[in-house]
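J.: Please see the structure below; I have some questions.
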Amino acid sequence: MSKHDITLNVNGKKYELTVNSNELLLNVLRDKLFLTGSKYGCGIAECGACTILKDDESYFACMVPAVAADGWNITTVEGLADGDKLNPVQQAFIDNSAIQCGFCVPGMVVTSTALLRENPDPDEDFVKDYLRGNFCRCTGYVAMVKSVLDAASKMKEAK
Amino acid sequence: MKNFEFIKAPDVKAALALLDKEKDNAYLVAGSTNAMVDIRAGKVNDRTLIGIRDIEALSGIKFSRGKITIGAGTTISEIAESSLLAKKAPVLFQAANQFADPTTRNSATIGGNIANASPAADTAPPLLALKAEVVIAKKGSKRRVAMEDFFLGVNKTVLEKDELILAIEFSANPHSAFYKVGLRNAMAISVVTAAASVRKDKDGNITDVAIALGSVAPKPVRAFNAEKAVLGKKADEKTIADLMKAVSKDISPIDDVRASAEYRKDIAPVIVKRVFCKACGICPNEGRTK
């Protein structure tokens, strides 16, 4: 098993790490950087609980060998808030009681953030379609979709 | 997690040299959305993954003199967002917009989708319907393979162990359409997919047609009998009835966890009709496409 030196920029902080070739980005984030917001759900890109951002695009961290992420600019759910101020999606999830057990929420919030960066003015169908890769088994989809639309309108008002 | 090695290839030359050196042990990965699933399932063990995600020469959509070239490393997202493809190859654009989910689309590539050769690969029927060619390289040589000769069976293609797909090329055709039947919207592996492209002369006679289906045979297939039923004719009611009848000769579906063979035999003619009509611009039923 070969070792590799990699650099990750995570939530604005630079990390220099040595990883095994078979380590996954998700494991490095959780077990080496202790950023446990991203969840290990299915491990096969079915559930979306491990979703992170690379720049503004969403990726499943369970699908990415850590070596392949060398040089990536990553945001996890921990990096979405600005200090104590939650990002609009996080706040909307609270305001709309969109959280039940909470396991899927980091992935939901991260994917929804990517959604709003791609399309700041989505309709309900767009949100439902965009969140198709994030599973909630509680199941709170209705409140979540409402939250994303709520976040979009709050962001519009703030402009 | 199972063991695997990972080597990042900085360019095509390096990737081909690595494939030549590793041969049987090599496993190409771009977004690694197929590889990681197979590794976790224990189907792929102790292989050397050759990472080609960052090779710029493999990425991008180009249009020149009626021909579209898509680099093998182009992500499904790039295809789903391409206004060029929306206009000039809607069949592929529509398939990309129904592919898995937006996050997977950011990683998955068109080269990976066809190289994996799932009978349900969503980009395969559109590429068959566009009569695409696959540009393949290995150390020291290059070759082109017609899409209809590319797939051999379930997860089997003509690709040799030391070969890499460079690009996929086809002629633009705005008169093309795709339709997917899945069990649900989200993440659905297709039950049946169909794609069609047509060209008509000024009298409305069909001068060229290609129809393809996914998930109805061990590999994505061209529907040659269906094509024969409409070639040279006008897209009227009788032609469409003949088309639907002919489809059954082109498919050999099986029962699986998603649907029965019987159901697939029933719906295949219906969705072939839909994509054919849509490609001809005559169908009132738009279907579930973007």
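In order, the protein sequences belong to chains Y and U.
According to my numbering, the first sequence is numbered sequentially starting from 1.
According to my numbering, the second sequence is numbered sequentially starting from 160.
Even for Gly, the Cβ is constructed at its ideal location relative to N, Cα and C.
Is it buried or exposed for residue 125 of chain Y, if we count other Cβ within 10 angstroms and need 16 for buried?
T.: So residue 125 of chain Y ends up on the exposed side.
J.: Residue 237 of chain U: buried (16+ other C-beta within 10 angstroms of its C-beta) or exposed?
T.: Buried: at least 16 other Cβ atoms inside 10 Å.
J.: Rounded C-beta distance between residue 74 of chain Y and residue 10 of chain Y? I'm assuming under 8 Å.
T.: Between residue 10 of chain Y and residue 74 of chain Y the Cβ distance is about 5 Å, and since that is below 8 Å, they are a contact.
J.: Going by alpha carbons, who is nearest to residue 198 of chain U out of Y:152, Y:72, Y:65 and Y:123?
T.: Here the closest residue by C-alpha is Y:65.
J.: Return the Cβ separation of residue 311 of chain U and residue 295 of chain U in integer angstroms, given the expectation that the two are a contact with Cβ distance under 8 Å.
T.: Contact flag wrong, Cβ pair sits at about 14 Å.
J.: Hey, how far is the Cα of residue 359 of chain U from the Cα of residue 438 of chain U?
T.: Residue 359 of chain U and residue 438 of chain U: Cα-Cα distance of roughly 10 Å.
J.: Under 8 Å, with one C-beta from each stretch per pair, do the stretch 124-142 of chain Y and the stretch 96-106 of chain Y reach the 3-pair mark?
T.: A contact exists between the stretch 124-142 of chain Y and the stretch 96-106 of chain Y.
J.: Could you say which of U:362, U:230, U:337 and U:270 lies nearest to residue 251 of chain U if we only look at CA atoms?
T.: It is U:337 whose Cα lies nearest to the Cα of residue 251 of chain U.
J.: From the beta carbon of residue 57 of chain Y, is the nearest beta carbon of chain U less than 8 Å away?
T.: Interface residue, yes.
J.: Buried or exposed, going by whether 16 or more other CB atoms sit within 10 Å of the CB of residue 88 of chain Y?
T.: By the neighbour-count rule (16 or more Cβ atoms within 10 Å), residue 88 of chain Y is buried.
J.: Under 8 Å, Cβ to Cβ, is there at least one residue of chain Y near residue 196 of chain U?
T.: Closer than 8 Å: yes.
J.: Over the uninterrupted beta strand (DSSP E) stretch that includes residue 15 of chain Y, give me the two end residues.
T.: From DSSP, the beta strand (DSSP E) with residue 15 of chain Y extends over 13-20.
J.: Quick one: residues in its chain with C-beta nearer than 6 Å to the C-beta of residue 381 of chain U, no 5 flanking neighbours on either side, listed in chain order?
T.: Same-chain partners within the cutoff: 287, 307 and 371.
J.: Any beta carbon of chain U sitting closer than 8 Å to that of residue 106 of chain Y?
T.: Closer than 8 Å: no.
J.: Distance, Cα to Cα, residue 411 of chain U vs residue 386 of chain U?
T.: Cα to Cα, residue 411 of chain U sits roughly 17 Å from residue 386 of chain U.
J.: Using the C-alpha atoms, what's the distance from residue 62 of chain Y back to residue 149 of chain Y?
T.: When rounded, the distance between both Cα atoms is 28 Å.
J.: Counting only Cβ pairs nearer than 8 Å, list the residues of chain Y close to residue 282 of chain U.
T.: The contacting residues do not exist; residue 282 of chain U stays about 17 Å from chain Y at best.
J.: Tell me whether the stretch 269-287 of chain U and the stretch 185-198 of chain U touch, counting them as touching only if at least three CB pairs, one residue from each stretch, are closer than 8 Å.
T.: The stretch 269-287 of chain U vs the stretch 185-198 of chain U: in contact.
J.: I think residue 109 of chain Y touches residue 165 of chain U, with their Cβ atoms under 8 Å apart; what is that distance to the nearest whole Å?
T.: Actually they do not touch by this definition, with Cβ atoms about 30 Å apart.
J.: Reducing DSSP to helix, strand and coil, say where residue 65 of chain Y ends up.
T.: Correct three-state label for residue 65 of chain Y: strand.
J.: Which residues of the stretch 246-264 of chain U have a Cβ closer than 8 Å to any Cβ of chain Y? Give them in chain order.
T.: Cβ contacts with chain Y: 259, 260, 261, 262 and 263.
J.: Expressed to the nearest angstrom, what Euclidean distance is found between the alpha-carbon atoms of residue 213 of chain U and residue 139 of chain Y?
T.: Going from the Cα of residue 213 of chain U to the Cα of residue 139 of chain Y covers about 38 Å.
J.: Are residue 267 of chain U and residue 316 of chain U closer than 8 Å when you measure CB to CB?
T.: No; because the gap between Cβ atoms is not below 8 Å, this pair is not in contact.
J.: Residues of chain Y with CB under 9 Å from residue 181 of chain U, in chain order?
T.: Those do not exist, as residue 181 of chain U stays about 13 Å from chain Y at its closest Cβ, beyond 9 Å.
J.: Measuring alpha carbon to alpha carbon, tell me which residue in Y:32, Y:46, Y:26 and Y:33 is nearest residue 39 of chain Y.
T.: Answer by Cα proximity: Y:26.
J.: Let's test the definition: count the other Cβ atoms within 10 Å of the Cβ of residue 172 of chain U and tell me whether it reaches 16, buried, or not, exposed.
T.: Answer is exposed; the Cβ neighbour count stays below 16.
J.: Identify the residues that DSSP records as bridge partners of residue 310 of chain U: which are they?
T.: For residue 310 of chain U, which the question treats as bridged, DSSP gives the partners U:316.
J.: Give the range of the beta strand (DSSP E) segment to which residue 56 of chain Y is assigned.
T.: Counting along the chain, residue 56 of chain Y falls outside any beta strand (DSSP E), and DSSP gives it neither H nor E.
J.: Give a yes or no on whether 8 Å exceeds the smallest Cβ distance from residue 117 of chain Y to chain U.
T.: For residue 117 of chain Y, the answer is no, since every Cβ of chain U falls outside 8 Å of its Cβ.
J.: List the residues of chain U that residue 40 of chain Y touches, going by C-beta distances under 9 Å, in chain order.
T.: The premise fails here: residue 40 of chain Y is roughly 11 Å from chain U at the closest Cβ pair, so nothing lies under 9 Å.
J.: Between the alpha carbons of residue 43 of chain Y and residue 363 of chain U, how many angstroms are there, rounded?
T.: Their Cα atoms are separated by approximately 51 Å.
J.: Only counting the same chain, and skipping five residues up and downstream in sequence, which positions put a Cβ closer than 8 Å to that of residue 145 of chain Y?
T.: Taken in chain order, the residues that qualify are 124, 127, 128 and 131.
J.: As a quick exercise: from Y:53, Y:60, Y:72 and Y:70, pick the residue whose alpha carbon is nearest that of residue 80 of chain Y.
T.: For the residues Y:53, Y:60, Y:72 and Y:70, the minimum Cα distance to residue 80 of chain Y belongs to Y:53.
J.: According to the Cβ coordinates, are residue 389 of chain U and residue 351 of chain U closer than 8 Å?
T.: Contact: no.
J.: Identify which residue in U:163, U:184 and U:167 has its Cα closest to the Cα of residue 320 of chain U.
T.: For the residues U:163, U:184 and U:167, the minimum Cα distance to residue 320 of chain U belongs to U:184.
J.: Show which residues of chain Y have a CB atom less than 7 Å away from the CB atom of residue 164 of chain U.
T.: Going along chain Y in sequence order, the residues near residue 164 of chain U (Cβ under 7 Å) are 2 and 21.
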